[in-house]
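According to my numbering, the sequence shown is numbered sequentially starting from 1.
For every residue, glycine included, the Cβ atom is placed at its ideal position computed from N, Cα and C.
Predicted, not measured: the structure shown is a model, and the values here were computed from it.
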Amino acid sequence: MALDTARLGEAAVYAPLGAEGTLEWGWSSGETYYLSWRNINVSTRGKPAKQILHGLSGDCSPGTMKALMGASGSGKTTLATALLNVLSRRGSLAGLDVHGWVSQGCEKAAFVAQDFWCVATDTPREAISFAAHLRGSGPNRVAQAEDLLRMLRLEKCADTYLGNDLLKGCSGGERRRTAVAIELVTDPTVIFLDEPTSGLDSYAAYVVIQLLRDQIAKRGKTVLCTIHQPSSEVFGLFETVDFLRAGKLVYSGQLGSPLRERFAACAFPLPPDTNPADHALFVFQTCTDAEALVFQQHATTVLEIPEENPVKSSKPQPSSLLLEVKLLARREVFILLRDPKELYSRVMMTSILGVLVSLCFKNAGGRSNNDFANVQTHFGAVNQISIMGVMAISQPLILTFPAQRAVLLREYAAHTYRIISYVASKLTIELFLCMLQSTIIVTICYWIMDLQGSFIHLLLVIALMALSTSSSVVLLSAFADKPEVAMQFAPLVVIPQMLFTGFFVRIDQIPTLLRWVQWVCALKYGINVILAIEFKDCHTEACNELFSTNNIHREDWQLYILALVAIFACFRFGAILVLRHYALRS
């Protein structure tokens with residue numbers, strides 16, 4: 001089959017190769033697979049086009065571990081990710097999208113990215129078990145997770161938080177081994193690892209590569225690693241290596257004597273007591289194009305593939321939606337309980353603001369409605385309690401949702417769960433926090449402000465209004481890859497909500513061309529419902545003027561409720577589409 005096209009980010013594309021550029025995959029010898037690629041070319045789509053990979057060919061046999069090496073920008077990660085894309089017919093973690101290959105065993109390839117984005121409050125046991133339950137290949141998923149813990153020597157840290165910059169947890173080597181274990185739950189026959197030793201000390205790097213060789217490659221798996229500046233001990237653990245220079249293959253073969261002989265034949269002998277990897281990288285960085293051409297002419301060594309029929313394997317059945325939501329929701333609960341700073345800060349902030357606002361509007365709801373000033377103060381109390389509820393519940397999402405986006409993209413790219421399952425699980429914990437904060441707000445404000453409507457009705461409306469507004473925040477956050485970016489655009493959601501409540505400026509005084517904005521603001525609908533509840537039996541001139549100038553109809557309160565539900569559903573659905581779009585591109 002021919003490799004047709006690929007995209008790197010927004011610009012790169014695999015040049016059409018016809019029948020010349022092919023990837024051979026699926027020849028089986030028992031449970032092992034031979035991997036071979038031929039004449040792979042990559043070029044940018046922009047003008048002028050830039051060639052990234054130049055006719056690369058190579059092989060990787062089962063039971064061995066191959067290293068892809070080269071200076072930064074040489075194309076090693078591009079090649080590894082492209083091969084994964086072709087095998088699995090999916091977008092990869094490195095940002096490539098490859099088309100044109102029909103794989104016979106697409107679930108047989110796994111990819112371990114350089115950056116391991118994880119849930120900091122998960123333990124290695126929980127992270128591996130989570131992946132095993134949703135992607136595992138064995139009948140006993142718990143036993144499979146325990147086997148992987150033992151295989152990768154993670155027993156001692158199995159119940160330690162993975163951690164991050166703010167939460168102390170596992171070491172870098174333990175986190176890296178956990179990342180490998182997560183990808184092994186599918187029992188892949190080909191494993192790609194991008195810089196598995198990046199950020200590790202020399203001993204931790206040695207342990208990781210040794211485990212890859214002894215526990216994975218020696219079991220008949222085909223392991224291909226991109227690696228940068230390995231120590232001589234780490235470099236010696238690989239059986240074969242491909243060196244790339246500016247997207248071209250300059251050496252492909254075994255380590256040890258063959259490598260030394262090649263460099264000696266090309267007039268770059270290896271000095272005594274020198275790391276062969278360092279020497280090779282230095283030579284390929286400093287040699288001229290003519291000298292590199294000498295290496296290229298003898299670089300390609302191709303393994304002959306046994307003449308056997310391709311192995312046909314079926315795609316694994318996806319997990320049930322209910323199981324995905326259940327496991328994701330449980331993880332969200334653990335995040336909240338194990339790192340409760342967010343919960344404590346929400347409760348404290350809501351309580352302090354509730355007391356402050358309620359004292360400022362003390363007895364605002366119990367004054368005579370014959371005086372327009374009293375009605376306006378009552379309206380102000382409703383407006384402030386609504387804004388407080390919306391902001392207290394939705395604003396934290398601007399920071400937390402983008403921060404967890406990288407984990408979502410990694411797990412979705414690995415086919416761990418559906419986007420809708422992720423959004424639904426986030427909603428379960430959001431519902432709890434919403435009801436908790438709404439209860440605090442209404443409990444504090446209801447009696448101090450002397451509000452007139454039903455306590456339960458007021459609580460439910462504020463909660464629904466906050467959920468609807470938070471949906472718009474979730475949609476906004478879905479576009480942002482960092483909390484800082486989401487914060488920059490947060491005013492686009494917050495300020496229009498306040499402007500069109502009718503408190504700061506009467507609706508009939510807003511230019512006609514802009515009045516339509518009120519009908520997409522959840523805060524406006526929520527305040528309309530609360531006013532209809534608060535002034536249910538008030539028909540004084542002051543009350544009637546308040547309703548008429550702000551385009552509120554008491555009898556339409558049910559329509560306002562439906563509008564809140566519609567806003568909630570539409571923005572959540574939009575967030576699902578946006579997240580899926582970015583996940584597919586990633």
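Thinking just about the alpha-carbon of each residue, which of the options is nearest to the one in residue i?
| i | options | result |
| --- | --- | --- |
| Asn41 | Lys248, Leu336, Lys426, Gly354 | Lys248 |
| Gly55 | Ala486, Ile429, Ser438, Arg245 | Arg245 |
| Thr416 | Phe116, Leu35, Gly136 | Gly136 |
| Leu322 | Glu342, Ile419, Ala143 | Ile419 |
| Leu546 | His378, Gln395, Leu559 | His378 |
| Lys108 | Arg213, Leu408, Gln297, Leu84 | Leu84 |
| Ala486 | Tyr446, Ala424, Leu255, Phe401 | Phe401 |
| Cys157 | Asp187, Thr123, Val180, Ala145 | Thr123 |
| Ser345 | Trp37, Asn374, Leu270, Ala392 | Ala392 |
| Ser61 | Leu154, Asn363, Arg219, Ala132 | Arg219 |
| Cys521 | Arg405, Leu343, Ser386, Ala292 | Ser386 |
| Gln297 | Pro272, Gly256, Tyr251, Asn275 | Tyr251 |
| Val441 | Ala414, Ala490, Val357, Asn370 | It is worth fixing the name first, because residue 441 is Ile in this sequence and not Val. Nearest C-alpha to Ile441: Val357. |
| Ile448 | Val294, Ser425, Ala82, Val382 | Val382 |
| Ser421 | Arg330, Lys50, Phe282, Asn369 | Arg330 |
| Ser57 | Trp37, Cys266, Leu397, Lys482 | Trp37 |
| Ala205 | Ser171, Thr186, Phe111, Arg367 | Ser171 |
| Ala575 | His279, Ile510, Leu451, Lys426 | Lys426 |
| Asn39 | Gly70, Thr64, Ile507, Ala82 | Ala82 |
| Ser394 | Phe432, Glu239, Ala280 | Phe432 |
| Met151 | Phe455, Phe479, Leu184 | Leu184 |
| Thr540 | Ala478, Gln376, Ser472 | Gln376 |
| Thr443 | Phe284, Leu281, Leu459 | Leu459 |
Just verifying my parser: in three-state terms, what is the DSSP assignment at residue i?
| i | result |
| --- | --- |
| Gln452 | coil |
| Tyr412 | helix |
| Trp117 | coil |
| Gly389 | helix |
| Ile40 | strand |
| Ser314 | Per-residue confidence for Ser314 stands at a pLDDT of 44, beneath the threshold of 50, marking its modelled position as unreliable; no derived number is given. |
| Ala501 | The identity of residue 501 in the sequence shown is Thr, whereas the question assumes Ala. Three-state DSSP puts Thr501 in coil, outside helix and strand. |
| Lys66 | strand |
| Ala109 | strand |
| Asp289 | helix |
| Leu149 | helix |
| Leu35 | strand |
| Gly172 | helix |
| His553 | coil |
| Ala278 | Ala is not the amino acid found at residue 278; the sequence shown has Asp there. Helix, per DSSP. |
| Glu261 | helix |
| Arg90 | Caution is warranted here: a pLDDT of 47 is assigned to Arg90, below 50, making its placement in the model unreliable, and the coordinate value is therefore given only provisionally. The answer is coil: DSSP assigns Arg90 none of H, G, I, E or B. |
| Lys402 | The sequence shown places Pro at residue 402, rather than the Lys named in the question. Looking at Pro402 - three-state DSSP - the assignment turns out to be helix. |
| Pro396 | helix |
| Thr178 | helix |
| Thr160 | coil |
| Ala82 | helix |
Provide the residue span of the beta strand (DSSP E) that contains residue i, from first to last.
| i | result |
| --- | --- |
| Ser57 | 51–60 |
| Gly526 | Premise fails: Gly526 lies in the alpha helix (DSSP H), 522–534, not in any beta strand (DSSP E). |
| Ser252 | 248–254 |
Just curious, the alpha helix (DSSP H) that residue i is in, first and last residue?
| i | result |
| --- | --- |
| Ala542 | 541–549 |
| Gly574 | 557–585 |
| Lys326 | 321–338 |
| Leu134 | 124–135 |
| Val241 | Premise fails: Val241 lies in the beta strand (DSSP E), 240–245, not in any alpha helix (DSSP H). |
| Val234 | 232–235 |
Taking 6 Å as the cut-off, does the CB of residue i come closer than this to any heavy atom belonging to the ligand PLP?
| i | result |
| --- | --- |
| Ile398 | The ligand PLP is not part of this structure, which contains no ligands at all. |
*asked:* Threshold first: 4 residues or longer. Then list the alpha helix (DSSP H) segments lying entirely within the region 180–228, N to C.
replied: 202–211
*Using 8 Å as the threshold, is the region 456–473 in touch with the region 567–575, meaning 3 or more CB pairs across them?*
yes
*Specify whether the region 72–85 and the region 236–244 touch according to this definition: at least 3 beta carbon pairs, one from each stretch, less than 8 Å apart.*
yes
*Are the region 256–268 and the region 225–233 in contact at 8 Å, needing three or more beta carbon pairs?*
no
*Stretch-stretch touch, CB-based, cutoff 8 Å, three pairs: the region 186–205 with the region 219–229*: yes
*Could you pull out every unbroken alpha helix (DSSP H) segment of at least 4 residues lying fully inside the region 338–386, listed in chain order?*
341–360
*What residue ranges within the region 419–500 form continuous alpha helix (DSSP H) runs of no fewer than 4 residues, ordered along the chain?*
419–448, 455–479, 483–489, 491–499
_Across the region 115–131 and the region 327–337, are there enough close Cβ pairs to call them in contact, namely three or more that are closer than 8 Å?_
yes
*asked:* So, does the region 396–414 touch the region 525–540, judging by three or more C-beta pairs under 8 Å?
replied: no
*Just checking, does the region 198–212 make contact with the region 171–179 on the three C-beta pairs under 8 Å criterion?*
yes
*Does the region 127–136 come close enough to the region 210–219 to have 3 or more Cβ pairs within less than 8 Å?*
no
*On the three-pair Cβ rule with 8 Å, is the region 453–465 touching the region 498–516?*
no
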